[in-house]
Amino acid sequence: MTAQRQHESMSRTQQATREKILHAAWNLLDVEDQESVNMMDIAKGAGIGRATLYRYYETKEFIIRDLTLEWGRRFSAKLFAQPLDGVTVGERICYIVRSILVEAYAHPHIIRAALPVIVAKNESMSGSRSGIRSLLPGLVEPVIADIKIVEKEKCLAATHRLLLGSLYMVNSGSDSISISMDTISFTLRKLLGERAWQRALPG
């Protein structure tokens, strides 16, 4: 897809245009389901022509992919900008998970649009190990980075699936945040083991 521009190689002007596109898409998708938003809406919101928009993104799905990445990075930066609540591994993991679910609850339309991208098998949609697939486990990984855990990668993969399931359940209204929290904390406590879960962490 030659029209899909790579962010890293863009000029400042191109980056500014890309940011306007993503900002417009966020404003629209934050209040409406993605089915109600089309490329013309996004172009109009960004203050650019439709032809310009298509030079950056061939489909709305690619916009949602980049929007999901940017949202995840901003959320991660905000989350780790200050000391995390909790003094043990378990307490900090619970704080991170609750923060993710609260953020998702605050932006239901965005999450509804992002979830299919996060689980996509298509490499161009889901991204590499350093992209979308790493967003959710990447939020938990710093807490357990220095802990010896058997098959840590599998634990992170399981955490990814637990968080995805909870995001779907909370987003659909099937579960409350507290119910999802109970499920995730119980499962991760068993998965990591009591010693790792109760391990004290530096402030």
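Take 1 as the starting number for the sequence shown in UniProt numbering and just add one per residue.
Virtual Cβ for every residue (Gly too), placed ideally from N, Cα, C.
Since this is a predicted model, take the numbers as computed values, not measurements.
Beta-bridge partners of residue i, as assigned by DSSP
i           : result
residue 200 : 88
Residue environment, residue i, which counts as buried when at least 16 other CB atoms sit within 10 Å
i           : result
residue 34  : buried
residue 166 : buried
residue 72  : buried
residue 60  : buried
residue 92  : buried
residue 90  : buried
residue 159 : buried
residue 12  : exposed
residue 57  : buried
residue 37  : buried
residue 74  : exposed
residue 18  : buried
Distance between beta carbons of residue j and residue i, contact taken as under 8 angstroms
i           : j           : result
residue 67  : residue 115 : The pair is not a contact, with the Cβ atoms about 13 angstroms apart (cut-off 8 angstroms).
residue 219 : residue 119 : The structure shown has nothing for residue 219, since the chain only spans 1 to 203.
residue 111 : residue 27  : Contact flag wrong, Cβ pair sits at about 16 angstroms.
residue 169 : residue 94  : Incorrect: roughly 17 angstroms between the Cβ atoms, too far for contact.
residue 31  : residue 64  : Incorrect: roughly 15 angstroms between the Cβ atoms, too far for contact.
residue 113 : residue 29  : 5 angstroms
residue 156 : residue 137 : 4 angstroms
residue 100 : residue 139 : 7 angstroms
residue 87  : residue 200 : 6 angstroms
Neighbour flag for residue i against chain B, beta carbons, 8 angstroms
i           : result
residue 174 : Of the protein chains in this structure there is only one, and it is not chain B.
| said: Below 8 angstroms, how does it come out for the stretch 177 to 184 and the stretch 96 to 116: are there three or more Cβ pairs, yes or no? | reply: The answer is yes - the stretch 96 to 116 touches the stretch 177 to 184, with three or more Cβ pairs under 8 angstroms.
| Meets three-Cβ-pair contact criterion under 8 angstroms: the stretch 75 to 82 and the stretch 46 to 53 | no
| said: Check whether the stretch 136 to 152 and the stretch 183 to 198 are in contact - that is, three or more C-beta pairs closer than 8 angstroms. | reply: yes
| Every unbroken alpha helix (DSSP H) inside the stretch 128 to 165 [4 residues or more] | 135 to 144
| Of all the alpha helix (DSSP H) runs that stay within the bounds of the stretch 41 to 95, which reach a length of 4 or more residues? | 50 to 56 and 60 to 79
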